[in-house]
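Here the structure is laid out as structure tokens; the discussion comes afterwards.
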Amino acid sequence: MPVQNTVLFRQQAFIDGEWVHADSGQVITVSNPATGETVGTVPRMGATETCRAIEAANRALPAWRSLTAKERAVKLRRWFELMMANQEALARLMTVARKGLGRYRGSYGRYFHPLDDDKLQRVAS
Numbered sequence: 001m002p003v004q005n006t007v008l009f010r011q012q013a014f015i016d017g018e019w020v021h022a023d024s025g026q027v028i029t030v031s032n033p034a035t036g037e038t039v040g041t042v043p044r045m046g047a048t049e050t051c052r053a054i055e056a057a058n059r060a061l062p063a064w065r066s067l068t069a070k071e072r073a074v075k076l077r078r079w080f081e082l083m084m085a086n087q088e089a090l091a092r093l094m095t096v097a098r099k100g101l102g103r104y105r106g107s108y109g110r111y112f113h114p115l116d117d118d119k120l121q122r123v124a125s
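Everything in the sequence shown is counted per full-length UniProt numbering, starting at 1 for the first residue and increasing by one.
Pasting the structure below:
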């Protein structure tokens, strides 16, 4: 099953607001278990990259904490809307390296739907 939405298909890690490769340049090959076909690669991250990711998350936390519950809810709602808008493409990406499109189709919304504003504000606070 070819990857149709290449915008969603990243072969890097997201650290500190940037898509990055492993410092070593090493990758892990991801294969379709049904066909053995190489789907892509993911960076083989090590301790250094992990520490950078943790440090970036720690730097980002104060800004998140400073948001009101309503502001957090708006951001979480937007994230949810983006996942739902790309649900089929996300399910297909998961399927290529896993099994069963039906298993992944709809799984994104399952965790957040229905998210009304009251629930979002409780989650965000």
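Even for Gly, the Cβ is constructed at its ideal location relative to N, Cα and C.
Worksheet item: When you compare each of Ala63, Gln11 and Ala73 to Met45 by their alpha carbons, which one comes out closest?
Response: Start at 1 with the first residue of the sequence shown, and residue 45 comes out as number 45. Nearest C-alpha to Met45 among Ala63, Gln11 and Ala73: Gln11.
Discussion item. Can you look up Glu18 in the DSSP assignment and give me helix, strand or coil?
Written reply: Here the question's residue 18 lines up with position 18 in the sequence shown. When DSSP states are grouped into helix, strand and coil, Glu18 belongs to the strand group.
Item to complete: Would you tell me roughly how many angstroms separate the C-alpha atoms of Pro33 and Phe80, rounded to the nearest one?
Response: Locating residue 33 in the sequence shown gives position 33, counting from the first residue. Locating residue 80 in the sequence shown gives position 80, counting from the first residue. For Pro33 and Phe80, the distance between alpha carbons rounds to 29 Å.
Discussion item. Which residues does DSSP list as the beta-bridge partners of Ser31?
Written reply: In the sequence shown, counting from the first residue as 1, residue 31 sits at position 31. According to DSSP, which records beta bridges pairwise, Ser31 is partnered with Thr38.
Practice prompt. Please report how far the alpha carbon of Arg78 lies from the alpha carbon of Val39, in whole angstroms.
Written response: Numbered from 1 along the sequence shown, position 78 holds the residue referred to as residue 78. Numbered from 1 along the sequence shown, position 39 holds the residue referred to as residue 39. Straight-line spacing of the CA atoms in Arg78 and Val39 works out to 29 Å.
Worksheet item: Name the DSSP bridge partner or partners of Ala13?
Response: In the sequence shown, residue 13 corresponds to position 13, counting from 1. Its beta-bridge partners are Val20.
Fill in: Euclidean distance between Cα positions of Leu61 and Arg52
Within the sequence shown, residue 61 is the residue found at index 61, counting from 1. Within the sequence shown, residue 52 is the residue found at index 52, counting from 1. Going by the C-alpha atoms only, they are around 14 Å apart.
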